[in-house]
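Below is one structure, written out as structure tokens, with a few remarks after it.
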Amino acid sequence: MTTQQRQPLRGSAPGAAQILATTALGTSKPSPVDASGRFCIEVELLPDAPNQVVLTAMTSNSCFSPPTSHSITHRSPAQTDAGGSTAPQNLALASVITSGSTPKIGSIAALADGDVNSWTQFEMWDPEIKEDCTNRHVWVRFDFGKAYTITRFKLRWGPLATSEKTYAKCVTLLVSAQTSPVDPDPSSPDWIVAKRLTDGNEKAQDLTINPESARWAAILLHENGGNSVLGYETFDVAELEVWGQDPNVVPPPPADTCD
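Residue numbers (the working numbering): 1 to 259.
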């Protein structure tokens, strides 16, 4: 399929009132010529290929000048990063994921596989009756391979979250710019506490943070939504997402027009 691009052509046509442009893709609408003889007309061009553009000037008396032909090759802007995007992306999908706990059900990979119908269950021994949002936890860590600007975390719970209250009520979000940080620990200088959540519920949690440059991110699950059974906290996780942008991808320049 041929992809055409509208591009402005600028030039001068002293004494003309309007200018017409014709290419293999069609003829543009007439464009006015200003008092100094300058014009700008938008034409359809094939990218990265020679285009023959025929310009015809017209006077105020509707007289046409002899057409002139020009060969123009419009080069598409080169990408600044192969496959790069300036839009935020879910970095967890392509990250290396590890955890300090072995899932009771499911797998570590299912935590960020893009499928909310797959889920993973963690179980944590917690003998304390009193709720504690800072002490014991299950951690999940993401290695993105290089630094990104992290702006958001999303947490989606499994099918038992509502009936069994197996969502996380207390969550800590960590990021790290270190090359090889220690295991996720809010008290370690290797990690920055990006946000703490103490009132989570069974609904999907969309948590924005102040933008942080980080290669690593971690999610700590402290307390579930119900009372622990026989000293255990259970978490059912459908999907964990970490959203950010590549700071090395430069946005393309705005489209050039005659306006």
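Each residue gets a CB set at the ideal place from its N, CA and C atoms; glycine is no exception.
Could you spell out where the beta strand (DSSP E) holding residue i opens and where it closes?
{"i": "K29", "result": "From DSSP, K29 is part of no beta strand (DSSP E); its letter is neither H nor E."}
{"i": "L173", "result": "A168 to S176"}
{"i": "W243", "result": "Y232 to Q245"}
{"i": "K195", "result": "I192 to L197"}
{"i": "A147", "result": "V138 to W157"}
Here's the rule I'm using: 16 or more other beta-carbon atoms within 10 Å means buried, otherwise exposed. How should residue i be labelled?
{"i": "S28", "result": "buried"}
{"i": "G261", "result": "The displayed coordinates of the chain run from 1 to 259. Any statement about residue 261 would go beyond what the structure contains."}
{"i": "N224", "result": "buried"}
{"i": "S95", "result": "buried"}
{"i": "V193", "result": "exposed"}
{"i": "T166", "result": "buried"}
{"i": "K169", "result": "buried"}
{"i": "D246", "result": "buried"}
Hey, residue i and residue j: beta-carbon distance below 9 Å or not?
{"i": "L207", "j": "V237", "result": "no"}
{"i": "L220", "j": "Y148", "result": "no"}
{"i": "D113", "j": "E239", "result": "yes"}
{"i": "T56", "j": "T68", "result": "yes"}
{"i": "Q52", "j": "S65", "result": "no"}
{"i": "P211", "j": "R141", "result": "no"}
{"i": "L9", "j": "E44", "result": "no"}
Give me the residue from the options with the minimum Cα distance to residue i.
{"i": "H222", "options": "W119, R215, P186 and W243", "result": "P186"}
{"i": "P159", "options": "N117, Q245, V242 and I97", "result": "N117"}
{"i": "L174", "options": "F122, V138 and G106", "result": "V138"}
{"i": "R283", "options": "A214, A49 and A16", "result": "No answer is possible for residue 283: it lies beyond the span of the chain, which begins at 1 and ends at 259."}
{"i": "P189", "options": "D132, A177 and E42", "result": "A177"}
{"i": "D115", "options": "W157, P88 and T98", "result": "W157"}
{"i": "G106", "options": "K154, W119 and G100", "result": "W119"}
| request: Would you mind listing the beta strand (DSSP E) stretches within the segment 50-124 that are 3+ residues and don't spill past its ends, in chain order? | output: 50-58, 68-73 and 96-99
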